[in-house]
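Student:
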Amino acid sequence: MSISINLFNNKGLQTEDSFLDIPQSDVLIPQSPVIKGDVTDENKKKFDEIKKDLDSKILADEKNKRKNKDKKRLNAGVFFSFFLILLIGAGILYLFNYTNIPNKVFDKLSQWKTNGKFNETPKTDRDSGFGLPENYVTSEIVNQIIEKSKDLSLISGILELLPENVQIMDFYIKNDNLSLICLVKDIISGENIKFYIYNHKDSFKPELFYIEKTEDEKNYQITSLSNILVNPVTDHKYIYLEDRQLTGYLTATANQSGVEMEPLTISKRDPALIRSGFIYLTGSKSSIVHFFRSLSSKRINISYDEMEIKSPDTSSAKTVYDIKIGITIFPQK
Amino acid sequence: MQWISLSDYSIIYGICENKSYSDTISRLFKKNLASSADSVSYLYEIKKHLQSIFSFFEQDKPTDRKVAFTIPSDKAEILFNHVETGLEENQVNEVLDWRVKNSLPDSDKLFIQHYFLNKKEETQEERYLTVAVQSELRNIIAKTALSYGFEPVLLDLGILSAYKLLSKSFPLQAYENWGLWKIGKENDVQNLLVFNDGEMYHISFISDNSLDITVLQNTNPQKYDTIFLENLMNNNFDNLNFEKFFIYSTSPNNIFVQKRMDANAQQIINPLPVLSKYKVRIEQKYLTNKLGVSQFSEIAGLISRF
């Protein structure tokens, strides 16, 4: 097998007709006769003048580019704030229109929300990402990366206790709050989860937990609301991955775990900024657990801020789940 | 002829001093980069260094203005894909493009090429190598060369250039399987090219000091799983079952790299025979050990293409 590549050739499939396809130069730096030929005082003077002129042009060009970039960043900031407000609005609307949740549970959820329980969550370093300069990675952010990876491990623990055919109506994690509403066939699963949450006192602060029979008496409904607690971080190491590598890592991990992953979506292109993104996945419960466990064992430049797991169709007996993970991607330190 | 080989932490460049190769004496030089990995600062630094290298070439009164490059393997995607036989060229192109564009973010910022490798009669499949590189990096290299009046003629990937060097030095086709590992620093990308059962595979991953492995790309995860990669990092080469295995690094002064290179000294690539065939000289300070010499593998592969 012989491989001889030339990335200066035309793009696409390489055939016998492939040809050099070099991008054309913007600025041609003059070939000075001084360099090629004999050095004379006159030629040298001429060369120095040209070089001086060129240097000042390049400098002015760089300054302009920087100005434009700053302007773009400002615009991006305004747009991002607007987008964030829209997102929060959509989130609230979504909660109030969530028809799949039985009224009883929905009342409890909104009651919990109205009581300000979500807001009462102690403000932690983990929420501070968006308030920071856009291209600055602090140790608080590193803490956030590490803490959110631990969350994945805790969630895997809960998922593992649920039976394979569980009907997940709402499994949602955001701002250190975890809500789980699901239907199971037997009461044991519910008791196991209760035991898990109440016995991980360093990790969960339970706000509400109950198991009750559904109206048709066919299932048990588990309803759980908890805060995820923050623990001190001792290890501050993490790996920085470029977007391309990040996608490679997530795809390779998804393939290894047996979950299907759609291409990663990223809000902005500039890798020097703190950006948001989404991972969409589909997989069985055990493959999701494997995926989360794999992700939680790595410290890379993303934090898993928001997570939603759902049964795709509540009426079917399918055992695959849809997952949406909202992530923040951090630039290099 | 001029050659420039970019790696994560340095640039090796060389100039051929006479037109005819029969009486050529070429010299290679090395520049260290201040930063790496972060693509933004990397591109900026590359541009700055290329400018000073082209100025240097000018001062050396080049006999021709052709220049060939290699770029670091981890700045590109190396993918191996199958396509069923019988498709038209444009259909093959479409299918392969679609696969890349549906698996990578910002695919419109990538420059993508596909190379036919072989046909498998038993499965009615054709095998292709797809290479995707940041258009911006390709543009910066070409435009900087052009702006200094040089003619960019070839752009290769580091590990594929090292593979070229090997194919000039060893009868690779005679081996049932072989592997080529570009050893990177801890927390940097490790690149591995593997040939087995008549097919080539590419694996890239990151390992830290505790040998925790983060896979970035693996074109054959069933055969080359985490246990395989752990054996590799733990220097258990006997468990890898390769007829031939080759290693080199462009970071020879790093302790993490040195540990692995020292433990497998007999596998280190020696580019000197090829360089001496092309009458290329390296500064004496790099010739003190095999490890230091191996960093010239990529540029030696590039030189051997002319």
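Chains as they are written, first to last, in the working numbering: chain A, 56 to 388; chain B, 36 to 341.
The beta carbon of each residue, even a glycine, is placed where N, CA and C say it ideally should be.
All figures in this text were calculated on a predicted structure; none of them were measured in a lab.
1. Please report how far the alpha carbon of A:PRO261 lies from the alpha carbon of A:GLY212, in whole angstroms.
2. For A:GLU361, tell me which candidate among A:ILE343, A:GLY332, A:ILE236 and A:GLY338 has the shortest Cα-Cα distance.
3. To which residues does DSSP link A:ASP41 through a beta bridge?
4. Looking only at its own chain, which residues have a Cβ that is under 6 Å from the Cβ of B:LYS325, when we skip the five neighbours before and after it?
5. Give me the Cβ distance between A:LYS203 and B:THR249, rounded to the nearest whole Å; I'm assuming they're in contact under 8 Å.
6. Would you mind telling me which residues of chain A sit closer than 8 Å to B:PHE280, beta carbon to beta carbon, in chain order?
7. Within 9 Å of any Cβ in chain A, is that where the Cβ of B:SER138 sits?
8. Could you give the DSSP three-state label for B:VAL315: helix, strand or coil?
9. For a contact defined as C-beta to C-beta under 8 Å, what are the partners of A:LYS353 on chain B?
10. Between the stretch 205-221 of chain B and the stretch 286-296 of chain B, do three or more beta carbon pairs fall short of 8 Å?
11. Given that A:ILE356 touches chain B, what residues does it touch there, using C-beta distances under 9 Å?
12. Residues in its own chain within less than 7 Å of B:PHE151 by CB, not counting five upstream and five downstream?
13. Based on the DSSP output, what are the partners of A:ILE364 in its beta bridges?
14. Classify A:PHE250: buried if its beta carbon has 16 or more other beta carbons within 10 angstroms, exposed otherwise.
15. Could you check which residue in A:ASN65, A:ILE378 and A:SER59 has the C-alpha nearest to that of A:TYR227?
16. Check whether the Cβ of A:GLY303 lies closer than 9 Å to any Cβ atom in chain B.
17. Assuming B:PHE240 contacts B:GLN225 under a Cβ cut-off of 8 Å, what Cβ separation, rounded to an integer in Å, is found between them?
18. Who are the near neighbours of B:LEU275 in its chain, counting only those whose CB is closer than 8 Å to its CB and skipping five residues on each side?
19. Beta strand (DSSP E) containing A:THR278: first to last residue?
20. Over what stretch of residues does the beta strand (DSSP E) that includes A:ARG330 continue unbroken?
21. Starting from B:MET268, trace the alpha helix (DSSP H) in both directions and tell me its first and last residue.
22. Beta carbons nearer than 9 Å to chain B: which residues of the stretch 320-344 of chain A have them?
23. Taking any Cβ of chain A, which residues in the stretch 143-177 of chain B have a Cβ under 7 Å from it, in chain order?
24. Within the same chain, show all residues whose beta-carbon is closer than 6 Å to that of B:GLU313, passing over the 5 residues directly before and after it, in chain order.
25. Should B:SER239 be flagged as near chain A, meaning a C-beta pair shorter than 9 Å?
26. Does A:THR70 get closer than 9 Å to chain B when you measure Cβ to Cβ?
27. So, is the C-beta of A:LYS205 closer than 9 Å to a C-beta in chain B?
28. In this structure, how does DSSP classify B:HIS84 when only helix, strand and coil are distinguished?
29. Taking only three categories from DSSP, how would you classify B:TYR236?
30. So A:PHE63 contacts chain B; which residues on that side make the cut at Cβ distance below 8 Å?
31. So for B:GLY184, helix, strand or coil by DSSP?
32. Beta-carbon of A:LEU284 versus every beta-carbon of chain B: anything under 9 Å?
33. Using 10 angstroms around the beta-carbon of B:GLY233, count the other beta-carbons present and answer buried if the total reaches 16, otherwise exposed.
34. Leaving out the 5 sequence neighbours to the left and right, which residues in its chain are closer than 6 Å to B:PHE64 when beta-carbon positions are compared?
35. Between which two residues does the alpha helix (DSSP H) harbouring B:ALA197 extend?
36. Run the CB neighbour count on A:LEU194, radius 10 Å, all protein chains shown included, and call it buried at 16 or more, exposed below.
Tutor: Taking the definition as stated:
1. 15 Å
2. A:GLY332
3. Any question about residue 41 of chain A goes unanswered here, given that chain A covers just 56 to 388.
4. ILE303
5. In fact, because the Cβ distance is near 17 Å, the residues do not count as touching under 8 Å.
6. The contacting residues do not exist; B:PHE280 stays about 17 Å from chain A at best.
7. yes
8. strand
9. ASP247 and THR249
10. yes
11. According to the sequence displayed, residue 356 of chain A carries Asn and not Ile. By Cβ distance, chain B contributes nothing, its closest Cβ being about 11 Å from A:ASN356, past 9 Å.
12. GLU161 and TYR163
13. A:PHE226 and A:ILE378
14. exposed
15. A:ILE378
16. yes
17. 5 Å
18. GLY214, PHE263, ASN266 and LEU267
19. 275-283
20. 330-339
21. 261-268
22. THR320, ILE321, ARG324, ASP325, PRO326, ALA327 and GLY332
23. PHE146, ILE147, GLN148, HIS149, TYR150, LEU152, ASN153, LEU164, VAL166, VAL168, ARG173, ASN174 and ALA177
24. Per the sequence shown, the amino acid found at residue 313 of chain B is Tyr instead of Glu. Same-chain partners within the cutoff: ILE338.
25. yes
26. yes
27. no
28. helix
29. strand
30. ARG173, ALA177, PRO187, VAL188, LEU189 and LEU190
31. coil
32. no
33. exposed
34. TYR48
35. 193-204
36. Here residue 194 of chain A is Ser; the residue named in the question, Leu, does not match the sequence. Flag for A:SER194 reads exposed.
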